[in-house]
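**Q**
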């Protein structure tokens, strides 16, 4: 096993609270490969997910054992489930079990589908089987195929158990619908008195999706869905109903005003409701948000905003649901809500209402800024929330927070006063906020002189966040010099640069001018160039940008980056469509709510 230093070593003097968890998850993930990959090895590359899906899932199981105060399984929803859903909502996605016939196909499937979707459907299976049954049968699978090769059907056979166990679930029949076809369903909930009808269809994020170009599916894009739900009359008593590649109907107690499907996000699907139910759910969030579990508060916002992006509901509903965040104090729902607003930044930054947009986000942050401030106390997720809130406040231009961050920076620079690791990124971000070349030069000098890998990583992220175009150009020039920045760190440079419009345009110009040298430098690297391409172009929002990207990559030998380019071009096309459909109504909403 090989690790980056920052992913295997944790130093409380240098590492953030969140980094401690990342280290634990990474080590547990790699150790899990001793069983899933070594002890039992996939028969062929089309079953790569047996290695990476299980390692992803077990990474969180292992991390939870030693970090039980981190609410690890809430973070699984944030970091794994929704990453998988995002990737699998594109027309250019692929099934978990995918045909591999050429060497370059192998590298391209080490992606979010194999890792994140794979891990998520394992978690879903564990939930509907029950943890005790799941663990018993998984042990049987490992023992049966010890030091042998296995394929996906071998796993399903082991997980189906025996008839003597009284288990009527045909695991292969259920799970084939999740591994042999790409995509996932949106479950549509209709409430009529005491009767609830749930239907399913494939969810596609693009409103421009041309279904005639989508590969045919063995299952016609229908799934076996274990749908667990709670309701306004039974908010703490979850029930499960199965959608067996079709719709389903069930009853709820009299007086039920809402049903919340996909309780705690165990299922790999999204949910849509009729407008009246959405409004009832938003009202409940506003008046009594703690009636929902943290994962469910987060899911309500994420599902609603994704329905809005897909054109299935009015975008103003997505904005309305975020208003309750002034009351929210838990990490997962707060970051999900704000992140759905930050998704709009690339659009709003081009519009006259950008200041109102920033003002609205700052209003949502205000309570947590007062409570958390620049302190360092609290439970792990509270400290992670503080770090998140401070960085967003600086990004949105809260002058008081920027000023205090700059004061702390000066004390660190001139008086050698230490900064708590949880605050360090925010302080560096504040030091860059006004485009000070003096501060930029100091950070670069510190980067070249230190041997501390964590400090180097922090500095690389900060150096690209200056609004000073001259310093950004200098950063790009330095990045091409192999003596200064390691190849594995280049993606961090471009990700940081692309956080602003100015930096993104400079990075795009640099990528075009230096394409051949970048390809040569990343020769043999599976992920590096793909990550750079995605971070540089994924925020483009104009028709002109869209066509320029297509023309630049046309006819180029992209190797393992081809899937990334295809996916990202699809996202840019959706960005262009978003602007056309939503910018007027969204601008009006922020003008009214961002005063």
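Numbering (our numbering), first residue to last: 68 to 662. Glycine included, every Cβ here is placed at the ideal spot set by N, Cα and C.
When the Cα atoms are used, what is the spatial distance from residue 183 to residue 118?
**A** Within the chain shown, numbered from 1, the residue matching residue 183 stands at position 116. Within the chain shown, numbered from 1, the residue matching residue 118 stands at position 51. Roughly 12 Å separates the two Cα atoms.
**Q** Is it buried or exposed, residue 554, if we count other Cβ atoms within 10 angstroms and call 16 or more buried?
**A** Along the chain shown, read from residue 1 onward, the residue named residue 554 stands at position 487. It is exposed - the Cβ of residue 554 has fewer than 16 other Cβ atoms within 10 Å.
**Q** Run the CB neighbour count on residue 156, radius 10 Å, all protein chains shown included, and call it buried at 16 or more, exposed below.
**A** As a first step, residue 156 must be located in the chain shown, where it is residue number 89. It counts as buried.
**Q** Hey, residue 336 and residue 254: beta-carbon distance below 8 Å or not?
**A** The sequence position of residue 336 within the chain shown is 269, counting from 1. The sequence position of residue 254 within the chain shown is 187, counting from 1. Contact: yes.
**Q** Counting pairs of beta carbons, one from the segment 455–464 and one from the segment 485–495, are three or more of them closer than 8 Å?
**A** Yes: at least three Cβ pairs fall under 8 Å.
**Q** If you drop the 5 nearest sequence neighbours on each side, which residues of the same chain put their C-beta closer than 8 Å to that of residue 130?
**A** Reading the chain shown from its first residue, position 63 is the one you call residue 130. Taken in chain order, the residues that qualify are 88, 91, 92, 95, 137 and 139.
**Q** Is residue 130 close to chain C, meaning its C-beta is less than 8 Å from at least one C-beta of that chain?
**A** Checking the listed chains, one finds no chain C in this structure; it contains a single protein chain.
**Q** Let me know if residue 85 comes out buried or exposed under the rule of 16 or more other beta-carbons within 10 Å of its beta-carbon.
**A** Along the chain shown, one-based indexing puts residue 85 at 18. Buried, because 16 or more other Cβ atoms sit within 10 Å of the Cβ of residue 85.
**Q** Could you tell me if residue 214 is buried or exposed, where buried requires 16 or more neighbouring beta carbons within 10 angstroms of its beta carbon?
**A** Looking up residue 214 in the chain shown gives position 147. Exposed: under 16 other Cβ atoms inside 10 Å.
**Q** Leaving out the 5 sequence neighbours to the left and right, which residues in its chain are closer than 6 Å to residue 598 when beta-carbon positions are compared?
**A** Here residue 598 refers to the residue found at position 531 when the chain shown is read from its first residue. Closer than 6 Å at Cβ, skipping near neighbours: 558.
**Q** Return yes when the Cβ of residue 417 is within less than 8 Å of the Cβ of residue 404, no when it is not.
**A** Here residue 404 refers to the residue found at position 337 of the chain shown. Here residue 417 refers to the residue found at position 350 of the chain shown. The answer is no: Cβ separation not under 8 Å.
**Q** Three-state secondary structure (DSSP) at residue 309?
**A** Taking the chain shown and counting its residues from 1, one reaches residue 309 at position 242. In the structure shown, residue 309 sits in a strand (DSSP, three-state: E or B).
**Q** For the alpha helix (DSSP H) containing residue 568, list its first residue and its last residue.
**A** Along the chain shown, one-based indexing puts residue 568 at 501. Its alpha helix (DSSP H) spans residues 568–580.
**Q** Do residue 544 and residue 552 have their beta-carbon atoms positioned less than 8 Å apart in this structure?
**A** As a working note, residue 552 is residue 485 in the chain shown. As a working note, residue 544 is residue 477 in the chain shown. No, they are not a contact pair.
**Q** Among 238, 216, 219 and 217, whose alpha-carbon lies nearest the alpha-carbon of residue 226?
**A** In the chain shown, the residue the question calls residue 226 occupies position 159. When only C-alpha atoms are compared, the closest one is 238.
**Q** So what's residue 248 in DSSP terms, helix, strand or just coil?
**A** Residue mapping note: residue 248 aligns to position 181 of the chain shown, counting from 1. Of the three classes helix, strand and coil, the one that applies to residue 248 here is coil, per DSSP.
**Q** Answer with buried or exposed for residue 111, where buried requires no fewer than 16 other C-beta atoms within 10 angstroms of its C-beta.
**A** Stepping through the chain shown from its first residue, residue 111 is reached at position 44. By the neighbour-count rule (16 or more Cβ atoms within 10 Å), residue 111 is not buried but exposed.
**Q** Quick one: what's residue 68 bridged to in DSSP?
**A** Counting from one through the chain shown, the residue named residue 68 turns up at place 1. DSSP output for residue 68 lists no bridge partner at all.
**Q** Could you have a look at residue 551 and say whether DSSP puts it in helix, strand or coil?
**A** For the purposes of this step, residue 551 is identified with residue 484 of the chain shown, where counting begins at 1. Correct three-state label for residue 551: coil.
**Q** Should residue 120 go down as buried or exposed, given a rule of 16 or more other Cβ atoms within 10 Å for buried?
**A** As a first step, residue 120 must be located in the chain shown, where it is residue number 53. With 16 or more other Cβ atoms within 10 Å, it is buried.
**Q** Ordered along the chain, which non-local residues of its own chain (more than five positions away) have a Cβ less than 7 Å from that of residue 473?
**A** Walking along the chain shown from the start, residue 473 turns up at place 406. Same-chain partners within the cutoff: 497 and 498.
**Q** Taking the continuous alpha helix (DSSP H) assigned at residue 365, which residues delimit it?
**A** If you number the chain shown from 1, residue 365 lands on position 298. Note, residue 365: alpha helix (DSSP H), 361–376.
**Q** Look up residue 289 in the DSSP assignment and say whether it is helix, strand or coil.
**A** Taking the first residue of the chain shown as position 1, residue 289 is located at position 222. Three-state result, residue 289: coil.
**Q** Is the Cβ-Cβ distance between residue 353 and residue 391 less than 8 Å?
**A** What you label residue 353 is simply residue 286 of the chain shown in a count that begins at 1. What you label residue 391 is simply residue 324 of the chain shown in a count that begins at 1. Result yes, Cβ atoms of residue 353 and residue 391 sit closer than 8 Å.
**Q** If you follow the beta strand (DSSP E) that residue 109 is part of, which residue opens it and which one closes it?
**A** To locate residue 109, count along the chain shown from 1; it is residue 42. Segment 107–109, the beta strand (DSSP E) holding residue 109.
**Q** Quick check on DSSP: helix, strand or coil for residue 230?
**A** On the chain shown, residue 230 is found 163 positions in, with the first residue counted as 1. Any answer about residue 230 is weak, because its pLDDT of 44 lies below 50 and its placement is not dependable; what the coordinates show is given next. Residue 230: helix per DSSP, three-state reduction.
**Q** With a threshold of 6 Å on Cβ separation, who are the neighbours of residue 284 within its own chain once the five nearest residues in sequence on each side are excluded?
**A** The residue given as residue 284 occupies position 217 in the chain shown. These residues qualify, in order along the chain: 248.
**Q** To the nearest whole angstrom, what separates the beta carbons of residue 165 and residue 210, a pair I think is in contact under 8 Å?
**A** Numbered from 1 along the chain shown, position 98 holds the residue referred to as residue 165. Numbered from 1 along the chain shown, position 143 holds the residue referred to as residue 210. 28 Å between Cβ atoms; not a contact.
**Q** Taking all protein chains shown into account, do 16 or more other C-beta atoms lie within 10 angstroms of the C-beta of residue 623, making it buried, or fewer, making it exposed?
**A** Mapped onto the chain shown, residue 623 falls at position 556. Residue 623 is exposed by the Cβ-count criterion.
**Q** What's the call for residue 178, buried or exposed, on a 16-neighbour Cβ count within 10 Å?
**A** Taking the chain shown and counting its residues from 1, the one referred to as residue 178 is at position 111. Residue 178 is buried by the Cβ-count criterion.
**Q** Just to confirm, is the Cβ distance from residue 274 to residue 656 under 8 Å?
**A** Taking the chain shown and counting its residues from 1, the one referred to as residue 274 is at position 207. Taking the chain shown and counting its residues from 1, the one referred to as residue 656 is at position 589. No. Outside cutoff.
**Q** Hey, could you find the ends of the alpha helix (DSSP H) residue 435 is sitting in?
**A** Position 368 of the chain shown, counted from the start, is the residue given in the question as residue 435. Looking at the DSSP string, the run of the alpha helix (DSSP H) that includes residue 435 is 421–439.
**Q** Which residues mark the beginning and the end of the alpha helix (DSSP H) in which residue 537 is found?
**A** Sequence index remark: in the chain shown, residue 537 carries index 470 (1-based). Where residue 537 is concerned, the enclosing alpha helix (DSSP H) stretches over 536–546.
**Q** Please classify residue 242: does DSSP put it in a helix, a strand, or coil?
**A** Mapped onto the chain shown, residue 242 falls at position 175. Helix, per DSSP.
**Q** Are the CB atoms of residue 323 and residue 298 within a distance shorter than 8 Å?
**A** As a working mapping, residue 298 is identified with position 231 in the chain shown. As a working mapping, residue 323 is identified with position 256 in the chain shown. Closer than 8 Å, so yes.
**Q** From 123, 212 and 217, pick the residue whose C-alpha is nearest to that of residue 109; which is it?
**A** In the chain shown, counting from the first residue as 1, residue 109 sits at position 42. Of the candidates 123, 212 and 217, the one whose C-alpha sits nearest the C-alpha of residue 109 is 217.
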